[in-house]
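Novice: Dropping a structure here in structure tokens format, bear with me for questions.
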Amino acid sequence: MVNLSTISETGFVPAPNLLFTNSVERAIDDMAGKLNPVSVFVLVDSNTASFVLPRLRSQSKAIASATVVQTKAGEENKNLDSLASIWKTLGDQGATRSSLLINIGGGVITDMGAFAASTFKRGIPFINVPTTLLGAVDASVGGKTGINFNSLKNEVGLFREAELVIVSTTFFRTLTNAEMLSGYAEMLKHAMLSSREMTDRLLRYDITGYEPESLLRLLEESVSVKCGFVSLDFNERGLRKALNFGHTFAHAFESLAMVRKAPLSHGYAVAFGMVAALVVSRMKLGFPSDDLQRYAAYVAENYGAFEITCDDYPRLVQLMHHDKKNITSQEVACTLLRAIGEVEVEVAVPDSDITAALDIYRDLLHLP
Ligand SMILES: NC(=O)c1ccc[n+]([C@@H]2O[C@H](COP(=O)([O-])OP(=O)(O)OC[C@H]3O[C@@H](n4cnc5c(N)ncnc54)[C@H](O)[C@@H]3O)[C@@H](O)[C@H]2O)c1
Ligand SMILES: [Zn+2]
């Protein structure tokens, strides 16, 4: 079993490459000054080019002088073609190993930009500036980079840390409530991996009516939970799998939604996946019933439900058996909670428990 007090005893210190600030332009210019690159490139997608870049260009010297590399927005463009176009622009515009790439965008841009920088000329320095809540709390930190390939998510990539990740809440004004809730699911996950106190606080917080400074402090706390697990297991051989809590169900829900041609955002899938994972946690490890009920009620009220019937169970079970991170043998291996803040990784769960949990998931989220 892992909990964060164990992590503290092992000497966890907050990642030095993370900065939480709403003075983003100054942070970028300070870091650019320290790194002293021969040239600066910024990677944006079509949305961050119009919502974020103009402001940064007008207030940051480093960004104002940078060469802009732009890709199309959306998960479907986190692919080899976009990656090749980034490499090509870097090459054509004379980037060298002493250049700097600044990735400004959601998880698609930070994943792909970090991978482009890590591979161009065997690696140039990069800074991540996440502009979505999901990016800020999860995708931009922890050193996982990559692209989708051969119809598989994050099929090609590598582990490499950014020189700096600048986390700010000032970019979120142009995100929808649904995008805020999507990122918030990962914050709820971090809280449940961490402590009851943090979980209670987040369940009371009004994420769609957030105030920038208070959300920045919550983000700092939330990201430190992720960093705690990452610092012990950068390459995800064991303990980092704690961060997959809820994700075995979530990935199956996302895949089923894709088959139905009604895609489900990752954060929503995680919110629903954690309901199912808590049910399994109750069945296998005695997770307290009142905590399960309270979280499920929060999800039902704020996220609704991902609709499934018993006809979907065989497909979902099959999808869970194919989840690349969670299979050890014949049984699906899940990250589960014994209680809030007490996590167990790679718990073998038989198919009969998965289908029983899906029945209870439907009850808890008021599905017929
Ligand atoms: N590396 C990791 O550890 C990790 C962890 C979690 C998720 N991810 C990856 O992150 C991606 C999902 O991240 P995401 O949800 O940020 O997706 P995204 O980058 O596609 O952003 C969502 C949408 O918001 C737009 N956008 C970005 N910033 C905006 C702003 N400030 N205002 C208005 N619109 C804005 C984007 O253009 C896009 O259309 C997935 O590819 C996933 O695999 C990676
Ligand atoms: Zn996730």
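Residue numbers (the working numbering): 18 to 385.
From the three backbone atoms N, C-alpha and C, an ideal C-beta is built for every residue, glycine too.
1) DSSP has LEU35 in a bridge; who is on the other side?
2) Is it the case that the region 329 to 340 contacts the region 367 to 383, given that we only count it when at least three CB pairs across the two stretches are under 8 Å?
3) Less than 7 Å separating the Cβ of ILE80 from some heavy atom of ligand 1?
4) List the endpoints of the continuous alpha helix (DSSP H) containing ALA356.
5) With hydrogens ignored, establish whether the beta-carbon of HIS207 is closer than 7 Å to any heavy atom of ligand 4.
6) Can you tell me where the beta strand (DSSP E) holding GLY290 begins and where it ends?
7) Within this structure, are the beta carbons of SER135 and THR113 separated by less than 8 Å?
8) Assign THR149 to one of three DSSP states: helix, strand, or coil.
9) Leaving out the 5 sequence neighbours to the left and right, which residues in its chain are closer than 7 Å to GLU26 when beta-carbon positions are compared?
10) At a cut-off of 7 Å, is ILE119 close to ligand 1 when judged by its beta-carbon and the heavy atoms of the ligand?
11) Does the beta-carbon of LEU192, which I'm using as the reference point, lie nearer than 7 Å to any heavy atom of ligand 1?
12) Does the separation of the CB atoms of GLU361 and ALA350 fall below 8 Å?
13) Distance check for ASP370 and PRO142, CA to CA, integer angstroms please.
14) Starting from PHE166, follow the beta strand (DSSP E) in both directions and report where the run begins and ends.
15) To which residues of the same chain is VAL287 closer than 6 Å at the C-beta, ignoring the five residues directly before and after it?
16) By the 10 Å Cβ neighbour count, where 16 or more other Cβ atoms means buried, how is ALA81 classified, buried or exposed?
17) Which residues in the same chain have their Cβ closer than 6 Å to the Cβ of LEU220, if we skip the five residues on either side of it in sequence?
18) Assuming MET129 and ILE164 make a contact with CB atoms under 8 Å, what is their CB distance in whole Å?
19) Look at ALA365 and GLU348 and say whether their C-beta atoms are less than 8 Å apart.
20) Assuming ARG235 contacts ASN319 under a Cβ cut-off of 8 Å, what Cβ separation, rounded to an integer in Å, is found between them?
21) Here's a check: name, in chain order, each residue in its chain whose Cβ is nearer than 6 Å to the Cβ of GLN110, leaving out the five neighbours to either side.
22) What residue does the alpha helix (DSSP H) around LEU70 start on, and which one ends it?
23) So is SER231 buried or exposed if we call it buried at 16+ other beta carbons inside 10 Å?
24) Residue ranges of each alpha helix (DSSP H) run of no fewer than 4 residues wholly in the region 211 to 239, ordered along the chain?
25) Need the endpoints of the alpha helix (DSSP H) that GLN310 sits in, please.
26) Measuring alpha carbon to alpha carbon, tell me which residue in ALA156, VAL247 and SER77 is nearest THR127.
27) Would PHE270 pass as a contact of PHE251 if the rule is Cβ separation under 8 Å?
28) For ILE103 versus LEU70, is the C-beta spacing smaller than 8 Å?
Specialist: So, to answer that:
1) VAL182
2) yes
3) no
4) Counting along the chain, ALA356 falls outside any alpha helix (DSSP H), though it belongs to the beta strand (DSSP E) covering 349 to 356.
5) This structure does not include ligand 4; its bound ligands are ligand 1 and ligand 2.
6) Here GLY290 belongs to no beta strand (DSSP E); instead the alpha helix (DSSP H) covers 283 to 302.
7) no
8) coil
9) Low per-residue confidence applies at GLU26: pLDDT is 45, beneath 50, and the placement is therefore not dependable, though the value from the model is reported in the following sentence. So no residue of the chain qualifies.
10) no
11) yes
12) no
13) 46 Å
14) 161 to 166
15) ALA202, GLY263 and ALA267
16) exposed
17) TYR315
18) 6 Å
19) yes
20) A small correction: the amino acid at residue 235 is Leu; Arg does not occupy that position in the sequence shown. Not quite, the Cβ-Cβ distance comes to about 16 Å (not below 8 Å), so this is no contact.
21) THR84
22) 70 to 76
23) exposed
24) 213 to 221
25) 306 to 319
26) ALA156
27) no
28) no
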